[in-house]
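When you read off a place in the sequence shown, starting at 1, and then add 1, the result is the number in the numbering used here.
In this text, a Cβ means the ideal position worked out from N, Cα and C, and glycines have one as well.
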Amino acid sequence: MPNVVKLTPAVEREDSLERIYRRQRRQLRELGLIVPPENELFTPDSPLEAKVAFYAWLIGKATAA
Numbered sequence: 002m003p004n005v006v007k008l009t010p011a012v013e014r015e016d017s018l019e020r021i022y023r024r025q026r027r028q029l030r031e032l033g034l035i036v037p038p039e040n041e042l043f044t045p046d047s048p049l050e051a052k053v054a055f056y057a058w059l060i061g062k063a064t065a066a
């Protein structure tokens, strides 16, 4: 039987947030939006959730316009 690694809910959530974050960054490029560097938008200890929420808001505003 192959070794199966069971991820904890926290790890699965982090992995999911990483995928969402990468997709959002790709969408921003596809939309042609110019966004300041992340170090100007967020502090080094900003949680990934904050970045995902901000980019979701930004993409929503851009696509609604």
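Check                                                                                                                                         : Outcome
Extent of the continuous alpha helix (DSSP H) to which residue 42 belongs                                                                     : 39-42
First and last residue of the uninterrupted alpha helix (DSSP H) at residue 61                                                                : 49-65
Contacts around residue 37, its chain only, beta-carbon distance under 8 angstroms, and the 5 residues preceding and following it disregarded : none
Three-way DSSP call (helix, strand, coil) for residue 46 in this model                                                                        : coil
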